[in-house]
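Input: a single structure, listed below in structure tokens.
Right, here's the structure in full:
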């Protein structure tokens, strides 16, 4: 998914081949096979901090990945070696999907908050609720 840098547009290097013996079964190979899907990516910050970013998986390199955040009209370049979890959201696109900020429940302790029935949540809301119950420091 290489892009030409014309008129200040965002550009990425040419596509890389992760179907080699060295990358077989790697995070890079899994991600590259799913470019174009909407994802929530969780990153380890330090020894115990988690943060997450979401968007369309735009590009995968050997050392980084790029998310397209259509809500904010920006590209997010992420260190692939900090990635701990990737949630793929089937049938979703950024234009039909709420951001984590929109799904945050304000004014309640996430550790004491009652669990909400899963069928009443979108996949993004469920992922966010799970992440904030597990680690309250990830609240936005």
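Residue numbers (our numbering): 53 to 192. Every residue gets a Cβ at the ideal spot worked out from N, C-alpha and C, and that includes glycine.
Whole-Å CB distance - residue i paired with residue j, under 8 Å assumed
{"i": "residue 102", "j": "residue 94", "result": "5 Å"}
{"i": "residue 91", "j": "residue 140", "result": "6 Å"}
Helix, strand or coil at residue i according to DSSP, with G and I counted as helix
{"i": "residue 138", "result": "strand"}
{"i": "residue 82", "result": "helix"}
{"i": "residue 127", "result": "strand"}
{"i": "residue 133", "result": "helix"}
{"i": "residue 75", "result": "helix"}
{"i": "residue 70", "result": "coil"}
{"i": "residue 62", "result": "coil"}
{"i": "residue 89", "result": "coil"}
Option in the options with minimal Cα separation from residue i
{"i": "residue 138", "options": "108, 72, 123", "result": "108"}
{"i": "residue 115", "options": "129, 143, 96, 73", "result": "129"}
{"i": "residue 123", "options": "81, 117, 105, 68", "result": "105"}
{"i": "residue 98", "options": "142, 143, 61, 134", "result": "134"}
{"i": "residue 80", "options": "120, 142, 68", "result": "68"}
{"i": "residue 63", "options": "118, 143, 125", "result": "118"}
{"i": "residue 132", "options": "143, 96, 74", "result": "96"}
{"i": "residue 75", "options": "120, 112, 121, 61", "result": "112"}
{"i": "residue 121", "options": "143, 89, 71", "result": "89"}
{"i": "residue 100", "options": "73, 61, 136, 143", "result": "136"}
Residue i beta carbon near the ligand GTP (any heavy atom closer than 6 Å)
{"i": "residue 78", "result": "In the structure on display, the ligand GTP does not appear, and there are no ligands present to speak of."}
Residues sharing a beta bridge with residue i, DSSP
{"i": "residue 103", "result": "95"}
{"i": "residue 111", "result": "118"}
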